[in-house]
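Notes follow once the structure below has been shown.
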Amino acid sequence: MKGLLIVLSGPSGVGKGTVRKILMEDKSLNLAYSISMTTRKPRIGEVDGQDYFFVDQETFDKAVEHDELLEHACFVNNSYGTPKAYVEKLRNEGKNVLLEIETNGARSVMDKYKDDDLFISIFLLPPSFEELEKRIRGRRTEEESVVQERLGKAKGEISLQTLYDYRVQNITPEQAANEISNIIKSKIHL
Ligand code: 5GP
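Take the sequence shown: its letter number 48 is residue 48 in this note's numbering, and every next letter is one higher.
Here you go:
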């Protein structure tokens with residue numbers, strides 16, 4: 001049977017990456033993570049082909065031009081997109097594919113898959129906005145102007161939470177992953 005398409009969004013710094021890693025360890029969920037293409041520079045510790053495919057703008061624009069992306073969006077001056085062929089290949093193999101993407105890209109995927117029973121969207125929320133600010137600053141990988149931009153963006157993104165099928169608060173990554181795991185299981189009747 002064809003796999004689910006799962007969109008996971010949430011503001012920058014909410015902990016999507018950590019929650020995703022916990023979910024990926026649960027083999028019973030049969031998940032595959034869709035590795036995005038981005039023009040953003042790698043952060044320390046990020047690996048090309050594992051966290052993202054890090055590309056230049058020209059390569060990204062070509063992928064858009066050749067219709068190779070399922071969706072794409074600009075986020076804080078960088079381009080991000082989901083390679084289409086890979087997602088479909090995995091789903092056809094029966095894998096449940098997880099897209100960790102921002103709200104504009106998520107909206108275009110929601111539009112495309114609104115009638116698909118095998119599509120679900122989940123929004124990950126921080127315990128509070130103050131906590132989110134603490135987490136973004138705690139990462140200490142970005143300049144103040146970028147932090148401010150990401151915080152402003154986060155407010156806008158949080159206001160779109162109602163568009164999603166499910167909302168999960170990330171109090172701890174384990175609890176959030178557990179809730180998401182239950183949502184996925186209810187959908188695939190494990
Ligand atoms: P970051 O730079 O923090 O890794 O990612 C910035 C934002 O872009 C996050 O909200 C992340 O989920 C989102 N993002 C990552 N990959 C994609 C993608 O392929 N498409 C879209 N639309 N957003 C993405």
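Cβ atoms here follow ideal geometry from the backbone N, Cα and C, with glycine treated the same way.
Nothing here was measured: the structure is a model prediction, and the numbers come from that model.
For PHE75, the distance from the CB to the nearest heavy atom of the ligand 5GP is below 7 Å. Around the beta carbon of SER159, a 10 Å sphere encloses fewer than 16 other beta carbons of the protein chains shown; the residue is thus reported as exposed. Judged by DSSP in its simplified three-state form, SER121 adopts strand. Not one heavy atom of the ligand 5GP lies closer than 7 Å to the C-beta of TYR113. For the 8 Å CB-CB criterion, VAL76 and VAL7 do not form a contact. TYR86 sits in a helix when the DSSP states are folded into three classes. Take the alpha-carbon of GLY15 and the one of PRO173: they are about 7 Å apart. A residue is called buried when at least 16 other Cβ atoms come within 10 angstroms of its Cβ; VAL47 does not meet this threshold and is exposed.
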